[in-house]
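If you're matching them up, the sequences are chains A and B in order.
Quick note, the working numbering runs 63 ahead of the 1-based positions in the first sequence.
Quick note, the working numbering runs 186 ahead of the 1-based positions in the second sequence.
Each residue gets a CB set at the ideal place from its N, CA and C atoms; glycine is no exception.
Worksheet: the structure to be examined is printed underneath.
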Amino acid sequence: MLESLVHVSLTGISAGMFIWLVASGLTLIFGVLRVLNFAHGSFYMLGAYLCYTCLRYMGVDFWLGVIIGPLIVCVVGYAMERYLLRQVYDLELPYQLLLTFAMVLIFDELVKMIWGAGSIGSPTVPGLSGSIQIAGRNFPVYNIFIMVVGPLVAIGLWAFLEKSWWGRLIRAAAADREMAAAIGVRVPALYTAVFVFGAWLSAVGGALAVPYVGLLTTGMGEAVIINAFVVVVIGGLGSLQGAFLGALFIGLLNSFGTRYIPALDMFLTFILMGVVLLWRPQGFFAGVDR
Amino acid sequence: MSRYSKYVIAAAVLAILLGIGLFSSRFILYLTMRVMILSIFAMGYNILFGRTGLLSFGHAAFFATGAYGAALWSMHVSSSHPLLGILTGIVAAAFLALIIGFFCVRHTEIYFSMLTLAFGMMVFSLMWNLRDITGGDDGLSGIVRGSISLGFFKIPIMKDSQFYFLVLFFFALSSLIIYRIYQSPFGLVLAGIRENHIRTEFAGLGVRRYRLAAFVVSGAFAGLAGALSLLLQSNVTPFSAHWSHSADPVLVSLMGGLQTFSGPFVGSILFVVLREFIERFTHNWMLWFGLILLGIILGFRGGIVGSTSQFLKRFSR
């Protein structure tokens, strides 16, 4: 009983870390640009497929793939913000949401055309491929690595936003766009930078997920974006700390849910999202920052 | 456009649809029925989106509820009264919309959209998980179209060429009702809410109640479309409740023209025909829809009907 509790918790936490990597970019972009990006899951998917391609066809190391893949996604993110999203900031909300939704359709189909509609089996990582015994059960080393990476990213992001010059500019633009522009911040360039950075975070999540998920599918972006939406909502739209706690919570809820009450699999997640939106629309974990 | 020419256009459309029903091949019949069902869905949806200004990502749930409602009626109660099955679907969808809408209309803008997404996906996951009732991921299939019995005589709707006229009847009825809604004080209040909800509130109107009413009415039409679609396809799967299916009516309304009455119908024709056409050449029709959607948002926001009527206005001056 205890072993399985420990095991389910560990699985939940490592799954939550991937959701966190996607949700962090999503919430950062929303906090600054005020756009909820449906296509954020597509960056995750693109990151995974590009990393896989580097491994498989260019014969590079996995770690090099984790660097190259997301960099290519940065270029895609740059083009999307600079040439498409920028046109609709002044329009009503539905147009912004639908533009990013159109991008989901386009990215999904492009991936299908390039890599085929079927799933692709993914490789193991040298050095992190085995498993160790925790509480009497085998647990993959790679998942423990992910459980270290997630909090490190969180601390890094926090330090970047709170302590660095760039972080201060981003927070200024998020708090008051016009005031920031008045004191000389180049807000459009900053928007682009934040969007590209968010896309990069999500793509890194996708690249790191390659050995974890075992199978790459074109539906993986959609699966993760729904969870990331829930996380961002319960964490409070725009709140990074909230998103981290939310991702942990959703990861655990999913893994305990599938283990103990499989009949209510996704239902729990969405009922949580609904309740938080109604009861505390500013987010369950909001008030921690900003 | 003058009142007179509106009637002429409506009569011409009706005549064409009747003509298609009497003389065309099965394939054209099938496509036209899909156009009409989609446009019932989209016209109803547009009461909420184009008229009231609320973007819902949960309307696929009402569509699916209509379909499951009609399917369960035909499987467990009676397969010989399809009209009652359709009514069951509509009532079930409207009732669900009342419950969900009661919570959702507390918010607007992005929070409203997120709430409808959450509730819609709850319905999706229930349909997916409650295998005993809904058949799980297989859905419900093999639904037969029994004859409509009216006292002494029966109207068979088994064949596509017969069922077509039932769909046409509901399409015409829905169009008429929605047209009346747009002309009514109720419809005008909805437009007022879209333009300025604070002023509408100050005029002494309960904005939240009106929003809820719009939500329920559009949910009921989604249910009708779902029930008709079930009878056309003879099956239903939980994917019809997935949030991405809620994008169909949005796409259709945008293509046709958001704040117009005939926009959703024109958009539906385009949607079904284009999809059929693109699928002949490539499997990746979603790519093309993404590109079309992108084009509309970036440069063509009035849609077909909006842009055409603007052009006509300029032309007639």
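- For a Cβ distance threshold of 7 Å, residue set 484 of chain B lies close to residue 150 of chain A, ordered along the chain.
- Between the C-alpha atoms of residue 387 of chain B and residue 379 of chain B there is a straight-line separation of about 8 Å.
- As a beta-bridge residue in DSSP terms, residue 200 of chain A pairs with A/197.
- Of B/297, B/288, B/494 and B/410, the smallest CA-CA separation from residue 449 of chain B is found for B/494.
- Interface residue (Cβ-Cβ distance to chain B less than 7 Å): residue 340 of chain A is classified as such.
- Here the alpha carbons of residue 233 of chain B and residue 491 of chain B stand approximately 17 Å from one another.
- Residue ranges of uninterrupted alpha helix (DSSP H) with 4 or more members, entirely inside the segment 246-316 of chain A and ordered along the chain, are 250-276 and 283-298.
- Residue burial annotation: residue 429 of chain B is buried, with at least 16 other C-beta atoms found within 10 angstroms of its C-beta.
- Within its own chain, the residues whose Cβ lies closer than 7 Å to the Cβ of residue 233 of chain A, once the five positions on either side in sequence are excluded, are 95, 224, 253 and 257, listed in chain order.
- Against chain B, the beta carbon of residue 337 of chain A has neighbours under 8 Å at 289, 301, 304, 305 and 308, listed in chain order.
- In this structure, residue 252 of chain B and residue 223 of chain B do not form a Cβ contact; the two beta carbons are roughly 11 Å apart against a cut-off of 8 Å.
- The segment 316-329 of chain A and the segment 209-220 of chain A do not touch, with fewer than three beta-carbon pairs separated by less than 8 Å.
- Per DSSP, reduced to three states, the secondary structure at residue 439 of chain B is helical.
- Between residue 310 of chain A and residue 92 of chain A a beta carbon distance of about 16 Å is seen, past the 8 Å cut, so the two are scored as non-contacting.
- Using a Cβ distance threshold of 7 Å, residue 121 of chain A and residue 470 of chain B do not count as a contacting pair.
- When DSSP states are grouped into helix, strand and coil, residue 336 of chain B belongs to the strand group.
- Per DSSP, the continuous alpha helix (DSSP H) segment holding residue 315 of chain B begins and ends at 295-315.
- DSSP places residue 175 of chain A inside the alpha helix (DSSP H), whose first and last residues are 156-178.
- The shortest C-alpha to C-alpha distance from residue 70 of chain A to any of A/158, A/200 and A/161 is the one to A/200.
- The segment 198-213 of chain B makes no contact with the segment 366-384 of chain B, as fewer than three CB pairs between them are under 8 Å.
- In its chain, beyond the 5 residues on either side, 306, 309 and 427 have a beta carbon closer than 6 Å to the beta carbon of residue 247 of chain B.
- The beta-bridge partner set that DSSP reports for residue 422 of chain B consists of B/326.
- With respect to the 7 Å criterion, residue 482 of chain B and residue 444 of chain B are not classified as neighbours on the basis of their beta carbons.
- For the 7 Å CB-CB criterion, residue 311 of chain B and residue 242 of chain A do not form a contact.
- Across the segment 458-479 of chain B, CB contacts with chain A closer than 7 Å involve 470, 472, 473, 475, 476, 477 and 479, in sequence order along the chain.
- According to DSSP, residue 218 of chain A shares a beta bridge with no other residue.
- For residue 146 of chain A, the enclosing alpha helix (DSSP H) begins and ends at 125-146.
- Contact between the segment 294-304 of chain B and the segment 336-349 of chain A is present: three or more C-beta pairs spanning the two stretches fall below 8 Å.
- Residue contact with chain A for residue 295 of chain B: present (Cβ-Cβ distance below 7 Å to some residue of chain A).
- Among the residues of chain A, those whose CB is under 9 Å from the CB of residue 315 of chain B are 325, 326, 327, 328, 329 and 330, following chain order.
- One thing to note: residue 241 of chain B has its Cβ no nearer than 7 Å to the Cβ of residue 344 of chain A.
- For residue 311 of chain B, the chain A residues whose Cβ falls inside 7 Å of its Cβ are 328, 329, 330 and 333, in order along the chain.
- Interface annotation, residue 169 of chain A: in contact with chain B, CB-CB separation under 7 Å.
- Taking C-alpha positions only, residue 377 of chain B is separated from residue 344 of chain B by approximately 41 Å.
- At a cut-off of 7 Å between beta-carbon atoms, residue 241 of chain B makes contact with chain A.
- For residue 120 of chain A, the enclosing alpha helix (DSSP H) has its first and last residue at 103-120.
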